[in-house]
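Sequences listed follow chains R and X, in order.
Going letter by letter, the first sequence gives residues 1 to 215 in this note's numbering.
Going letter by letter, the second sequence gives residues 1001 to 1109 in this note's numbering.
Cβ atoms here follow ideal geometry from the backbone N, Cα and C, with glycine treated the same way.
Small disclaimer: the values here were computed from a predicted structure and weren't measured.
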Amino acid sequence: MGLGLVPLGLALGVLITHAGLPWWSASLSTAVVYAGSFEFLLVGLLLAAAPLATVALTAFLVNLRHVFYALSFPLERVRGRLGKAYSTFALNDESYALATGARARDWPGERLLWLQVFMQVYWVGGATAGALLGAVVPDSVTGLGFALTALFTVLALDAVRERRGDLPTPLIALLCALTARLVCPGELLPVAFGLFAAALMIRYLTTDRRAHRDA
Amino acid sequence: MPDTRYLILAVAVSAAVTWALRALPFTVLAPLRASPVVRYLGARMPAGVMVILCVYCLRDLSLADHRAVAPLAALAVTVGLHLWRRNALLSILGGTAASVLLASTVFPG
Chain R
1 MGLGLVPLGL ALGVLITHAG LPWWSASLST AVVYAGSFEF LLVGLLLAAA PLATVALTAF
61 LVNLRHVFYA LSFPLERVRG RLGKAYSTFA LNDESYALAT GARARDWPGE RLLWLQVFMQ
121 VYWVGGATAG ALLGAVVPDS VTGLGFALTA LFTVLALDAV RERRGDLPTP LIALLCALTA
181 RLVCPGELLP VAFGLFAAAL MIRYLTTDRR AHRDA
Chain X
1001 MPDTRYLILA VAVSAAVTWA LRALPFTVLA PLRASPVVRY LGARMPAGVM VILCVYCLRD
1061 LSLADHRAVA PLAALAVTVG LHLWRRNALL SILGGTAASV LLASTVFPG
């Protein structure tokens, strides 16, 4: 799974060099920000020399979904202050998807932590290589940004498969996302997540609660 | 090109906001983790969140535009490969290759 981050990192690196930013900004961003989708957006913000307040607000809105990850990420298994600190720092979509998946149910904290370390190494390595290679990739080569879409598609398919009997959840999410896209495309992510959380709450309150004991 | 000081500051600000969003909820939300509502949400969140992120990636797609063919075909390749082989790396590489091939040659911007 983590290896999927290599083509994605390569794509980000090439985009960064093609945008005219220095190659090291790919390494710096992937090493200290480490938030895939936001980093793709950050390229545009940096090019436009957006005010720091705008950068902070965009980071806040795009990464706000991570707040929910604390509800189910098994941080209690990771030991030590430093380990926990890194684990929260590296809690991106991919490591959340992997750590909350069925396969990871019995994995000890140490394994989760190393997995996160390897994923970030793949990401930083891929982006740095992509940024260095970007100079030799002609500008006419486009469509690399799709790597991010492909990654989320794979993560979605795996997550949906793990809850085989629960088709309403992905359908509700799809509906919320399309609604947000129509109503306020500029704030798609926060609106879609808000709608989705609200819809799940309504579903929880209206269905038989005894059935949730084994949820 | 933006100057180096700005690049470093912008990256630092992004990093601070991102880490705060990831780390702080663990202390704030810790007491809630045992509640049945939160467990209900936690079990259903991953699948929904990833679906929303997919739509987010494709948000600029316009069905009236012929250039939309490239990402849509690439999406079909990704889904098809993943349902067939269940190999994340293969699906991502295949989908991205299809996207680059179509966007760069058949449907150039």
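Amino acids of chain R, ordered along the chain, whose beta-carbon sits closer than 7 Å to that of residue i
i	result
Val1037(X)	Tyr204
Gly1042(X)	Leu71 and Ser72
Met1015(X)	Correcting the residue type first, residue 1015(X) is Ala in the shown sequence and not Met. Within chain R, the residues near Ala1015(X) are Val32 and Val33.
Exposure of residue i, with buried meaning 16 or more beta-carbon neighbours within 10 Å
i	result
Glu39(R)	buried
Met201(R)	exposed
Cys184(R)	exposed
Trp1084(X)	exposed
Pro7(R)	buried
Asp93(R)	buried
Asp158(R)	buried
Thr128(R)	buried
Residue i to residue j span [Cα, whole Å]
i	j	result
Leu1050(X)	Ala1034(X)	Reading off the sequence, residue 1050(X) comes out as Met, not Leu. For Met1050(X) and Ala1034(X), the distance between alpha carbons rounds to 24 Å.
Val124(R)	Leu1101(X)	25 Å
Thr206(R)	Pro108(R)	36 Å
Arg111(R)	Ala90(R)	14 Å
Gly134(R)	Leu144(R)	12 Å
Thr1078(X)	Val154(R)	8 Å
Val1038(X)	Phe118(R)	30 Å
Leu1029(X)	Phe73(R)	12 Å
Val141(R)	Ala1097(X)	11 Å
Ala85(R)	Leu1063(X)	44 Å
Thr17(R)	Val55(R)	20 Å
Ala1047(X)	His1066(X)	30 Å
Gly130(R)	Ala26(R)	9 Å
Gly2(R)	Leu1061(X)	28 Å
Nearest-angstrom Cβ-Cβ length linking residue i and residue j, presumed shorter than 8 Å
i	j	result
Leu113(R)	Val78(R)	5 Å
Ala1070(X)	Ser1099(X)	6 Å
Pro190(R)	Leu42(R)	Not a contact, Cβ separation roughly 18 Å.
Phe196(R)	Ile172(R)	7 Å
Ala147(R)	Cys1054(X)	13 Å between Cβ atoms; not a contact.
Ala1103(X)	Gly4(R)	Not quite, the Cβ-Cβ distance comes to about 20 Å (not below 8 Å), so this is no contact.
Val67(R)	Ser1014(X)	Their Cβ separation, rounded to whole angstroms, is 16 Å, which puts Val67(R) and Ser1014(X) out of contact at 8 Å.
Leu75(R)	Ser87(R)	6 Å
Contact set between residue i and chain R, taken where Cβ atoms lie within less than 8 Å
i	result
His1066(X)	Here the premise fails: no neighbours, minimum Cβ distance about 14 Å.
Val1079(X)	Thr153 and Leu157
Contact list for residue i against chain X, beta-carbon separation under 7 Å
i	result
Pro218(R)	No information on residue 218(R) is available, as it lies outside the stretch 1 to 215 that chain R covers here.
Partners in chain X for residue i, counting only beta-carbon separations shorter than 8 Å
i	result
Val55(R)	Ala1010, Val1013 and Ser1014
- request: For the region 1048–1077 of chain X, enumerate the residues whose C-beta is nearer than 8 Å to any C-beta of chain R, in chain order.
  value: Gly1048, Val1049, Met1050, Val1051, Ile1052, Leu1053, Cys1054, Val1055, Tyr1056, Cys1057, Leu1058, Arg1059, Ala1070, Pro1071, Ala1074 and Leu1075
query: Going along the region 96–110 of chain R in order, which residues come within less than 9 Å of chain X, judged by CB to CB distance?
result: Tyr96, Ala97, Thr100 and Gly101
- prompt: If you measure beta-carbon to beta-carbon, which residues of the region 124–151 of chain R are closer than 7 Å to chain X?
  reply: Ser140, Val141, Thr142, Gly143, Leu144, Phe146, Ala147, Leu148, Thr149, Ala150 and Leu151
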